[in-house]
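So the sequence shown is numbered by numbering that gives the first Met the number 0: it starts at 0 and just counts up by one. Backbone N, C-alpha and C define an ideal beta-carbon position, used for all residues, glycine too. If you're wondering where the values come from, they're calculated on a predicted model, not measured in any experiment. Accompanying notes for the structure given below.
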Amino acid sequence: MDDLIDDQYDVFKSILDKYTPAEAVKKLSLLAPEDIIKRILERYDADMVRIKELQGPRAVVIDNYETWYAGLHPDHKLD
């Protein structure tokens, strides 16, 4: 059953590429029962909390100095 939830969660995440979470739930509700939708939403909420609480580096840090990337410069080579 967990493999099925994993697959359905992957489908839910792919739907999020085009739709809001609420719209994605509506679309997935056409294909999955309510208890599955509930489990998917619980997993999604847990993932969002984990991302918000992530304490990893926000940027590349050199000697305790956070660099700022200003974007491509005309002198940059792309290949």
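C-alpha gap between residue i and residue j, whole angstroms
i, j, result
"Thr19", "Ile50", "18 Å"
"Tyr8", "Val48", "16 Å"
"Leu3", "Asp74", "50 Å"
"Glu33", "Lys12", "17 Å"
"Ala45", "Asp5", "14 Å"
"Leu30", "Leu40", "15 Å"
"Leu71", "Lys17", "28 Å"
"Ala21", "Val10", "14 Å"
8 Å Cβ shell around residue i - same chain, five flanking residues per side excluded
i, result
"Ile36", "Val24, Leu27, Ser28"
Cutoff 7 Å; reference residue i; Cβ partners in own chain excluding five residues on either side
i, result
"Leu80", "Look at the range of the chain in this structure, 0 to 78, and you will see that residue 80 is not part of it."
"Arg42", "Tyr8"
Candidates the options, of which the one nearest residue i by Cα
i, options, result
"Asp1", "Leu71, Arg38, Lys17", "Arg38"
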